[in-house]
Each structure stands twice: as C-alpha cells, then as structure tokens.
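Residue numbers (this note's numbering): 20 to 524.
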C-alpha cells in the first residue's frame with residue numbers, strides 16, 4: 020500500500036537564511052534533521068534549499084543488516100497510520116540494503132489527485148493540496164546519507180580496514196515535514212505527512228511561515244583570524260608519501276591508471292555544530308553544501324561536487340571535478356591558464372569523464388549519453404577546479420536506485436578502473452572512509468539529487484574528522500600530493516578556527 024498523500028502548502032517569502040530558519044523552527048540540536056543548502060556557485064547549480072525533519076520512517080543499514088523504524092511523530096500526531104508503517108518497516112528489515120532503499124522510495128509514492136480535485140486552504144498562498152510528481156518530486160523522497168562503505172553491498176572488497184567511526188552505511192528517512200525554498204522566485208513549499216487533518220496542517224504551516232519571516236535576517240558571523248587549528252592525522256607526512264609511492268607502483272604495473280588516496284585529520288571541538296556550519300557557509304560557500312544531524316553523528320559540509328542528478332524526463336547528469344589549484348598562489352588569469360594547460364590535469368580529467376560516461380551508459384538509453392560541458396573552470400573560496408557535465412536519459416526499465424548502483428561511488432574519488440582502485444584504497448588507507456566520498460541528498464523512485472561527500476567535517480561527540488585526498492598517477496610527486504591534501508582541507512580548517520574565534524571574541 021502506498022503512502023497517503025501529504026498536505027502541501029505554498030508560501031511566499033523574501034530571501035531566507037537557512038541556518039536562521041533551523042534555529043527559528045527550534046531544530047538546532049534535534050535529530051534527524053537534514054539541511055541541503057545551495058550556499059554558493061552558479062545559478063544553474065545553486066537553485067534550492069531543503070529542510071527535512073520529523074521522520075515518518077527511518078531506514079539504516081550496517082554490515083548488511085537493515086534497521087527500519089517508525090518516527091515518534093506518527094503516533095503522536097496521527098497523520099500517517101502507525102500500523103501501516105509498522106508493517107512496512109518489518110518488510111524492509113527482510114531485504115538487502117539497496118533493495119530496502121528501493122522499496123522505501125516506492126512506498127513513499129502517494130496516490131495522484133484526480134482531475135479537478137480542490138485545494139484545501141492552509142496558511143497564506145495557494146493553499147494545501149496533494150503533491151504531484153512533476154512539480155514536487157521531493158515530496159516522495161528519502162533524505163539522508165549513503166556512506167562510501169555502502170559500496171561493499173555492490174562490489175566484493177577486502178574487509179580488513181578498521182571501522183572506527185561506526186557510522187551506518189545507509190541512513191535515510193522519509194520526512195514527516197519537508198520545506199523546499201526556491202532561490203529564483205522566493206517560493207517556499209511545506210510538505211506535511213504528519214498532520215492529521217487540514218486544520219492541523221494549517222496550524223503547522225502558520226508556524227513555518229512565522230519562522231520564514233524571522234529567517235530573513237542572516238546569521239552571518241564576523242570572521243576573525245586565519246590560523247589553522249591543532250589537528251592530528253592517521254598518517255605522518257612520511258607515511259602518506261610512502262602510500263603515494265606504493266600507489267605509483269600499482270600504476271606502473273598496469274593495475275590502475277589513477278587511484279585516489281586520502282588522509283584523515285581529527286581535532287577537538289566543543290561548540291554547537293550549527294554554529295560551525297554557519298561559519299563554514301560564509302568562509303567556503305558551495306552549491307552542494309549541507310548540515311545533517313543524524314543523532315549519533317553530524318555532517319558539516321561545503322561539498323562542491325554533484326555525484327548524480329535524475330531530473331525531469333528521465334535525464335540523468337553527473338558533474339565530475341578533476342584538476343585543482345589553490346587560489347592566491349598566482350594571478351587568477353595565470354592560475355587558470357596553468358590549470359587548463361597542464362597535461363597531467365587534462366589527461367586525468369578526460370579519463371574521469373570517460374569513466375563517468377561509461378557508468379551512465381550502464382543504465383541509460385543507448386546513444387543518449389553526451390558531454391554537454393567539457394573542462395570548464397569553477398571558482399571557490401580557496402581553490403579553482405576543472406569541471407565537466409555528462410548527461411544521459413535513464414532507460415525506462417531502470418529507476419533511481421539502479422542509477423545509484425551504476426554511479427556510486429564517484430569515479431573522481433576512487434580512480435580508474437574503479438573496483439581495483441577501491442581494493443587499493445582498502446589496502447593502503449588505515450581506516451574505513453565512512454561518510455567521506457559517499458553521498459548525501461534525496462532519493463525518490465524516478466528522481467534524485469546526490470552530492471559527493473568531500474570538504475566535509477564529520478562530528479562524533481567532541482571530535483571532528485576531516486578527510487582529504489587526491490588522484491595518484493605515474494608521475495605524482497609524493498610531497499606535492501601530501502601538500503595538495505592540506506590545501507583541500509584548508510578552507511574547512513579555517514572555518515573551524517573562525518567559528519572558535521568568533522565565540523571567543
């Protein structure tokens with residue numbers, strides 16, 4: 020049985036600061052909460068903010084075991100039948116993880132309204148009505164995280180690396196309440212699955228509308244200082260350089276063309292995570308940023324990279340990043356010329372484009388996969404990237420989970436060929452990656468949008484974990500590769516310092 024149609028209320032507001040909105044709704048410290056934040060980038064990429072909270076159904080997978088639970092608001096508010104959900108949760112626990120994800124997304128689909136069905140007034144704006152897939156696909160979506168180690172459900176990999184963080188491989192939920200804010204037109208849409216009737220939906224919409232009005236005031240901090248905080252790594256510099264040399268041996272032996280290796284930094288932090296995210300989006304704004312509080316852990320992210328989007332008409336697109344330079348080292352024009360003309364960067368990027376084309380081709384209609392942007396520059400606060408965009412039309416027999424299985428994890432953060440590179444990662448990295456180089460975002464049956472979890476802090480208790488890496492090829496210089504990981508981490512580390520300095524000042 021599919022889910023009941025939610026109450027949907029359209030609201031209009033001015034510019035919204037998403038961090039202030041989280042606070043105004045009383046969600047700071049609440050879990051699970053997912054904020055997907057288009058904090059920076061071009062208008063094509065930075066389109067919407069999403070805020071998801073109050074789960075109806077939560078799905079987690081660890082070591083192949085699926086956990087499915089019903090949210091507490093279901094019994095409390097009565098908008099979705101608790102008995103139906105309990106049966107659905109029991110069914111999901113019997114399935115393999117990615118099949119459970121597929122079935123949960125199918126269950127989230129709700130009946131379409133019949134032609135001519137009226138709208139029930141709820142709050143200011145066009146009122147509440149049943150959402151339609153063509154204009155609000157996110158109403159049928161699961162929000163959350165697919166960790167890198169979920170790839171172990173897709174490929175046979177060595178299981179010898181320490182899982183010291185213990186974060187679920189899949190951790191998603193169907194939100195009882197979802198707010199979508201369009202940056203272009205200032206329209207906010209509230210999707211409410213928990214309200215028992217139109218009156219309860221209208222009351223909730225009124226509370227959200229008041230929070231939206233209050234959230235017009237940005238919470239941007241005045242930033243201080245440029246020092247990096249004290250951190251430690253799972254590698255010394257000498258150890259990381261040795262990892263680079265061993266990876267080069269695999270390249271010379273013909274095992275791989277390129278492999279992406281990383282080091283993990285960790286440091287102490289005692290301030291609220293949302294405060295840190297507020298600082299981060301000011302220091303290092305990115306189009307695929309976000310703040311996720313999933314209870315036992317949190318993600319504070321300024322990811323610049325999309326793994327895959329499945330949009331209207333079945334068109335899928337992926338946007339690989341390959342080639343990076345730190346800003347400020349040369350004049351901007353000279354820096355972009357150096358990056359664009361560097362034969363190593365160009366060769367690596369073309370290899371990644373071919374890899375992503377092949378991955379898309381596994382599930383797209385024959386002849387539809389095209390590169391519509393090739394090797395363009397994108398500018399971020401601390402780095403310049405080379406970026407391409409590849410599109411293809413998903414085959415009608417496939418769905419969003421099939422697309423994830425074909426694309427996950429991204430080739431830009433594994434290497435080529437992908438499976439052999441992941442075996443090398445397991446051999447040479449000392450801990451499991453967890454969220455790093457996985458994906459967060461939203462997944463529906465026929466639509467999805469997922470990033471790649473890079474430029475991301477993982478918080479457990481009073482510790483922050485930050486992983487950064489780079490692609491190793493035949494002529495990689497170990498000391499340069501080590502320095503590149505620190506360049507990539509610098510923006511995140513400065514955000515930590517700035518957040519501490521602001522509170523201290």
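Note that the Cβ used here is the ideal one computed from N, Cα and C, for glycine as well. Model, not experiment: these values are computed from the prediction.
Assign residue i to one of two classes, buried (16 or more other C-beta atoms within 10 Å of its C-beta) or exposed (fewer than that).
i, result
"residue 279", "buried"
"residue 177", "exposed"
"residue 378", "buried"
"residue 38", "buried"
"residue 24", "buried"
"residue 26", "buried"
"residue 201", "exposed"
"residue 363", "exposed"
"residue 382", "buried"
"residue 312", "buried"
"residue 367", "buried"
"residue 303", "buried"
"residue 435", "buried"
"residue 470", "buried"
"residue 440", "buried"
"residue 208", "buried"
"residue 214", "buried"
"residue 449", "exposed"
"residue 385", "exposed"
"residue 160", "buried"
"residue 28", "buried"
The beta strand (DSSP E) with residue i in it runs from where to where?
i, result
"residue 199", "189–201"
"residue 396", "389–398"
"residue 512", "Premise fails: residue 512 lies in the alpha helix (DSSP H), 497–523, not in any beta strand (DSSP E)."
"residue 211", "206–211"
"residue 218", "Careful: residue 218 lies outside any beta strand (DSSP E), inside the alpha helix (DSSP H) at 217–233."
"residue 345", "340–345"
"residue 53", "52–56"
"residue 464", "Looking at the DSSP string, residue 464 is not in any beta strand (DSSP E), and its letter there is neither H nor E."
Please report how far the alpha carbon of residue i lies from the alpha carbon of residue j, in whole angstroms.
i, j, result
"residue 148", "residue 221", "Reliability fails at residue 148, whose pLDDT of 42 lies under 50, so the model's placement of it is uncertain and the value that follows must be treated cautiously. Answer to the nearest angstrom: the Cα atoms are 12 Å apart."
"residue 491", "residue 59", "29 Å"
"residue 143", "residue 158", "Bear in mind that a pLDDT of 35 at residue 143, under 50, signals an unreliable position, so the model cannot answer this."
"residue 133", "residue 126", "Annotation note: pLDDT 36 at residue 133 (below 50); position unreliable, no value reported."
"residue 93", "residue 212", "9 Å"
"residue 107", "residue 216", "22 Å"
"residue 10", "residue 404", "There is simply no residue 10 to check, as the chain begins at 20 and stops at 524 in what is shown."
"residue 466", "residue 128", "12 Å"
"residue 140", "residue 308", "Confidence at residue 140 is low in this model, with a pLDDT of 36, below 50, so its placement is unreliable and the value that follows should be read with caution. Rounded to the nearest angstrom, the two C-alpha atoms are 34 Å apart."
"residue 192", "residue 31", "27 Å"
"residue 35", "residue 49", "20 Å"
"residue 10", "residue 337", "Residue coverage of the chain in this structure runs from 20 to 524, which leaves residue 10 outside it and unanswerable."
"residue 88", "residue 204", "36 Å"
"residue 78", "residue 124", "11 Å"
"residue 423", "residue 327", "8 Å"
"residue 218", "residue 224", "10 Å"
"residue 73", "residue 199", "15 Å"
"residue 183", "residue 410", "37 Å"
"residue 179", "residue 189", "20 Å"
"residue 155", "residue 206", "12 Å"
"residue 372", "residue 339", "7 Å"
"residue 506", "residue 499", "10 Å"
List the residues that DSSP assigns as beta-bridge partners of residue i.
i, result
"residue 470", "325"
"residue 283", "486"
"residue 335", "329, 411"
"residue 427", "Answer is none; residue 427 lacks a bridge partner."
"residue 294", "Its beta-bridge partners do not exist; DSSP assigns none."
"residue 277", "435"
"residue 269", "Residue 269 pairs with nothing; no bridge assigned."
"residue 493", "For residue 493, which the question treats as bridged, DSSP gives no partner whatsoever."
"residue 80", "85, 189"
"residue 264", "For residue 264, which the question treats as bridged, DSSP gives no partner whatsoever."
"residue 318", "311, 477"
Check for me: the alpha helix (DSSP H) holding residue i runs from which residue to which?
i, result
"residue 10", "Nothing about residue 10 can be reported from this structure: the residues present for the chain run from 20 to 524 only."
"residue 40", "37–43"
Chain D beta carbons: is any one of them nearer than 7 Å to that of residue i?
i, result
"residue 247", "The structure shown contains no chain D, having only a single protein chain."
- Item | At least 3 beta-carbon pairs within less than 8 Å: the region 469–484 vs the region 256–273 | no
- Using 8 Å as the threshold, is the region 454–467 in touch with the region 165–175, meaning 3 or more CB pairs across them? yes
- Counting pairs of beta carbons, one from the region 495–513 and one from the region 392–404, are three or more of them closer than 8 Å? yes
- Message: So, does the region 294–302 touch the region 246–264, judging by three or more C-beta pairs under 8 Å?
- Response: no
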